[in-house]
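Undergrad: Residue numbers for the sequence shown, in UniProt numbering: 1 to 61.
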Amino acid sequence: MAGILRAEIGAQSYKSVDSLEAALKKTWKEIQPETVRASCNTDVMENLGLCISTPGGLFGL
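1. Let's see if you can read the secondary structure: which residues bound the alpha helix (DSSP H) around I52?
2. How close, in whole Å, do the beta carbons of E8 and T27 come, if the pair is a contact with beta carbons under 8 Å?
3. Would a C-beta distance cut-off of 9 Å place S39 and I4 closer than the cut-off?
4. May I ask you to report which of helix, strand or coil DSSP gives A11?
Structure below.
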């Protein structure tokens with residue numbers, strides 16, 4: 001999900017934190033539920049695999 005937000009928000013510059021916050025909220029509302037669901041399922045499986053393959057170690061998210 002962060003990648004989607006970065007792609008939409010990162011292309012612009014914002015004059016204030018409030019304008020950035022408004023843009024983030026607007027973009028979040030425009031993301032389809034199916035996209036959120038698919039992203040979460042993919043992320044969970046990838047992170048689970050990383051966790052299992054790195055017993056006792058750290059892995060990047």
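Quick reminder that beta carbons are idealized off the backbone N, C-alpha and C, glycines included.
TA: Concretely, from the data shown:
1. 33 to 53
2. 5 Å
3. yes
4. coil
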